[in-house]
Amino acid sequence: MKLKHLKGMVATLAVTTVMAGAALAEDLRIAYTGYSTDNTFWIGVAKAAAAKADEMGIELIDLTASSPDAAAQKDAVDRAINMGVDGIIIGSVDNRAFDASLDNAKRKGIPVVAVDTGIDHEHVASLVQTDNLAAAGIAGDYIVDQIEGGTVLILGGSAGHQTGNARRDGVKTAAEAAGHEVIFQICDWQDACAYETTVNFLQSNSDITAIFSAWDPGALAAVSAATELGKLDDLVIVGFDGNPANLVSIEAGEQSATIKQDNTRMGAEAVTNLVGLIKGESVPAFTPIDGILITSDNVADFK
């Protein structure tokens, strides 16, 4: 009888523990604010984060603005804090915009995870990100292997943006080490700027043999500009993200290559790390995710 009683107590305790864990998960509310809802890459991050939260029985509140807007994103973070969420994931438009908000989150004990772009604040306990410098280095090596000489034009993100700077530096280092001149132009992640910059430099500088865009839509803009000028066949054009439209362009022999980011893993890992922080667990301060070079040789594997 005592043995049966003991077994019953153990079973009851196990069920209680499982139920308590489930209740904890179900009671959690986390907020997510990404770069925008009109960007293919970020749509993928948001979907993956929502799917992981659903799998874990957690409520995820998506406060992402429809277009990139640093002020609106800061307001979203402030709203999340005022709502009393248990944690926040930020895929920042401007990683310098959150100091006061993050000070407030720290005071209220709301943990924060950054995804894709690092945020320089002591309260951001975890960053989930493509290893941008290493991945861009792969892109740079590919470019160097494809051209015999000439100048490399880099279409960049916004000034001071951690992700954009890493992508610039990876390509720039590889190209300069091989003896190529590099021209860098800030484009604020804007496709129109990528197009106009490409047109202007191709018309004024006949030495350009390769173009690297720090984001894939910018690479498509460069393809369009080069096509209109009749110079596409003379250029190597490489992007970064692995967006579906760019894979079509690579398959068609227009864009030369791209670096694929695993946005599905990024969204899922961000949620996992945030929940770990909420529960007081130890999580990695940095979760690096490898980039993958996609060219005409392997593009079919990713479509």
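Residues -25 to -1, 1 to 278, numbered by mature numbering (1 follows the signal peptide of the UniProt record, and there is no 0), are exactly what the sequence shown covers, in order. The beta carbon of each residue, even a glycine, is placed where N, CA and C say it ideally should be.
For residue 118, there is no enclosing beta strand (DSSP E); the residue is part of the alpha helix (DSSP H) that begins and ends at 107 to 121. Sequence-distant Cβ neighbours of residue 147 in its own chain, meaning closer than 6 Å and more than five residues away, are 157. DSSP places residue 239 outside any beta strand (DSSP E); the residue lies instead in the alpha helix (DSSP H), whose first and last residues are 238 to 253.
Residue 65 and residue 141 have their C-alpha atoms spaced approximately 19 Å apart. Of the candidates 62, 143, 85, the residue whose Cα lies closest to the Cα of residue 110 is 143. In its chain, beyond the 5 residues on either side, 100, 101, 102 have a beta carbon closer than 8 Å to the beta carbon of residue 260. One thing to note: residue 93 has its Cβ no nearer than 8 Å to the Cβ of residue 79. Setting aside the 5 residues that flank it on each side, residue 235 is surrounded in the same chain by 217, 267, 269, each with a C-beta closer than 6 Å to its C-beta; the list follows chain order.
Straight-line measurement puts the Cα of residue 177 at about 11 Å from the Cα of residue 203.
For residue 4, the closest of 28, 19, 12, 20 by C-alpha to C-alpha distance is 28. Looking only at 106, 233, 50, 165, the smallest Cα-Cα distance to residue 211 is reached by 233. Contact fails between the region 76 to 91 and the region 32 to 39, because fewer than three Cβ pairs, one in each stretch, are under 8 Å apart.
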